[in-house]
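Residue numbers (our numbering), protein chains in the order written: chain W, 1 to 204; chain V, 1001 to 1286.
Glycine is no exception: its CB is placed at the ideal position from the N, C-alpha and C atoms.
Every value quoted in this text rests on a predicted model; they were computed, and no experiment measured them.
Below you'll find the structure, written out as structure tokens, and then a few comments.
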């Protein structure tokens, strides 16, 4: 019996076992990836990864999006945990389209709020609100985080659903500065080229 | 790397006639204003279909393109070259992943794309099917095939579909390393022994025709192409991309004293905004 941490290995057929075709389109679900470009800057949405679970999504996100110093921190969340407001354009604020909340009690659950401030750009984290559910979180966000500037789309994600980067995790990026061979700046052929050109000039 | 020579399916432009004219006008006005199209926005069927096809082809080319270079990792001359090549191959596969994600936002599951690649339904850049006999072939790919891909990718990054542009911005940032690395390898071969020079000259002879085909066949401007260019799916004709590549890289190849196996290639003077520039002209009708 194969027992590996890599689920792909566990899905391999056993020796001498007949191979049955796998179910069509049974791919892993998607997870949204957010990165923090610099210390002190807001997290921004970066893309998706397919993964069997949150923990492996985190590992794959690190591989896919942060192989070169593009961020100082990242986190992932299951796509199904992202609550999305209507999308607007022109001079319409997405907050104007959010239905009024029936309750006005402050909630006991924490939600992260993201704004799309410019079409064609990424959603950026703007703050945290307390609410009972994502609908209410949007209403609270309108009161607390709406600066009057046009927002085209709002996302709300329950904080507890997010796999954050812990202090120990930050070691992941420690060896990156040593890998100079992955930078264009490590390939200086100018002198060699100049010598070559001078040498060939003399020969001619 | 390899985003080159897109051929577009000959869907009849009539399919646009069945689209909602108000929505179509809004869509075109948005592109006209220079705004990006996002996954949730309305888009014509033709736009969606051609973008899926283009991004998917690009993603497949990254994955398949990593194979010939991957086989050279163990045979690359020296530890440094092995490290660099390994990093490059890793980048290419990463680019494939980013591009599959971008294509997925248009509604085709990643698994479906991979199945279509395996069963041969989806296409990829043909240049990655050519054999790499020597290390010099691998150097040609790293420098010049990547250079050709950058010409295409920089153009496509100015396109109209948001997720594709964002993926390309990331990809282009990494490509600068590939290009410098490739050039570095070729400079070393060029300034090396006569045997090394001969090796690269032979690789150049083998790869030049596929490299020219990489940008796709000469365009006949049809109504179809015209629509795709108006929608900023196609950012330039295949010939424009090919000429841009020739202008930029033929002088660099000649500088190293190599011969390009195309006797019709000539230095020509062209007027560009008042300045006379030395550019490379290729008479494609000849």
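On the three-pair Cβ rule with 8 Å, is the segment 38-47 of chain W touching the segment 14-27 of chain W? No, the segment 38-47 of chain W does not touch the segment 14-27 of chain W.
* To do: Taking only beta carbons into account, state which residues of the segment 31-60 of chain W come closer than 7 Å to chain V, listed in chain order.
  => Per Cβ criterion, the list reads 47, 48, 50.
- By DSSP, does residue 164(W) sit in helix, in strand, or in coil? Here DSSP, grouped into helix, strand and coil, assigns residue 164(W) to coil.
Ignore the nearest five residues each way along the sequence and tell me which others in residue 34(W)'s own chain have a CB closer than 6 Å to its CB. So the list reads 43, 45, 75, once near-sequence residues are dropped.
Between residue 69(W) and chain V, is any beta-carbon pair separated by less than 8 Å? No, no contact with chain V.
**Message:** With a threshold of 8 Å on Cβ separation, who are the neighbours of residue 1075(V) within its own chain once the five nearest residues in sequence on each side are excluded?
**Reply:** Excluding sequence neighbours, residue 1075(V) sits near 1135.
Hey, how far is the Cα of residue 1159(V) from the Cα of residue 1166(V)?
-> Take the alpha-carbon of residue 1159(V) and the one of residue 1166(V): they are about 10 Å apart.
Next item on the list: For the segment 1060-1090 of chain V, enumerate the residues whose C-beta is nearer than 8 Å to any C-beta of chain W, in chain order.
Entry: Under the 8 Å Cβ criterion, the segment 1060-1090 of chain V contributes 1080, 1083, 1084, 1087, 1090.
What is the rounded straight-line gap between the Cα of residue 230(W) and the Cα of residue 137(W)?
Here chain W has residues from 1 to 204 only, and residue 230(W) is not among them.
Starting from the Cα of residue 1137(V), find the closest Cα among 1200(V), 1246(V), 1108(V) and give me that residue. Among 1200(V), 1246(V), 1108(V), the Cα nearest to that of residue 1137(V) is on 1200(V).
* Per DSSP, which residues does residue 91(W) bridge with? Please list them. => BP columns for residue 91(W) are empty, so no partner.
- prompt: So, are the CB atoms of residue 153(W) and residue 84(W) less than 8 Å apart?
  reply: Inclusion of residue 153(W) and residue 84(W) in the CB contact set at 8 Å is warranted, their separation being smaller than that value.
- Task: Taking only the alpha-carbon atoms, compute the straight-line gap between residue 1028(V) and residue 1240(V) and give it to the nearest angstrom.
- Result: Their backbone Cα atoms lie some 24 Å apart in a straight line.
inquiry  = Quick check on residue 27(W) - is its C-beta less than 8 Å from some C-beta in chain V?
reply    = Interface residue, yes.
Using the beta-carbon of each residue, which ones in chain V are nearer than 7 Å to residue 184(W)? Under the 7 Å cutoff, chain V gives 1176, 1177, 1180.
Run the CB neighbour count on residue 1050(V), radius 10 Å, all protein chains shown included, and call it buried at 16 or more, exposed below. So residue 1050(V) ends up on the buried side.
**Contact set for residue 1178(V): own chain, Cβ-Cβ below 8 Å, skip 5 residues either direction** = The answer, listed in chain order, is 1001, 1088, 1091, 1142, 1146.
Check your understanding: Taking buried to mean at least 16 other C-beta atoms within 10 Å of its own C-beta, is residue 166(W) buried or exposed?
Key -> Exposed, because fewer than 16 other Cβ atoms sit within 10 Å of the Cβ of residue 166(W).
Practice task
My understanding is that residue 1067(V) touches residue 1139(V), with C-beta atoms under 8 Å, so please give their C-beta distance in whole angstroms.
Solution key: Cβ-Cβ separation between residue 1067(V) and residue 1139(V): approximately 17 Å, too far for a contact (criterion under 8 Å).
### Query
Are residue 126(W) and residue 114(W) close, meaning C-beta to C-beta below 8 Å?
Closer than 8 Å, so yes.
Check your understanding: Where does residue 1128(V) sit, in a helix, a strand or coil, going by DSSP?
Key -> The answer is helix: DSSP assigns residue 1128(V) an H, G or I state.
**Prompt:** Straight-line CA distance for residue 1276(V) to residue 179(W)?
**Reply:** Only weak support is given to the placement of residue 1276(V): the predicted model assigns it a pLDDT of 47, under 50, and the question is left unresolved by the model.
Requested in this report: Take residue 1016(V) and list the residues in its own chain whose beta-carbon comes closer than 8 Å to its own, dropping the five residues that flank it on each side.
Outcome: So the qualifying residues of the chain are 1024, 1044, 1046, 1227.
Next on the checklist: In this structure, how does DSSP classify residue 1110(V) when only helix, strand and coil are distinguished?
Outcome noted: Collapsing the DSSP output to three states places residue 1110(V) in a helix.
Exercise for the section: Check the Cβ-Cβ distances between residue 1260(V) and every residue of chain W, and say whether any is below 8 Å. Expected result: So, not an interface residue.
C-beta contact flag for residue 1216(V) and residue 1238(V) at 8 Å: Against a cut-off of 8 Å, the Cβ pair of residue 1238(V) and residue 1216(V) comes out as a contact.
Contact under 8 Å by Cβ, residue 1130(V) with residue 1057(V): No.
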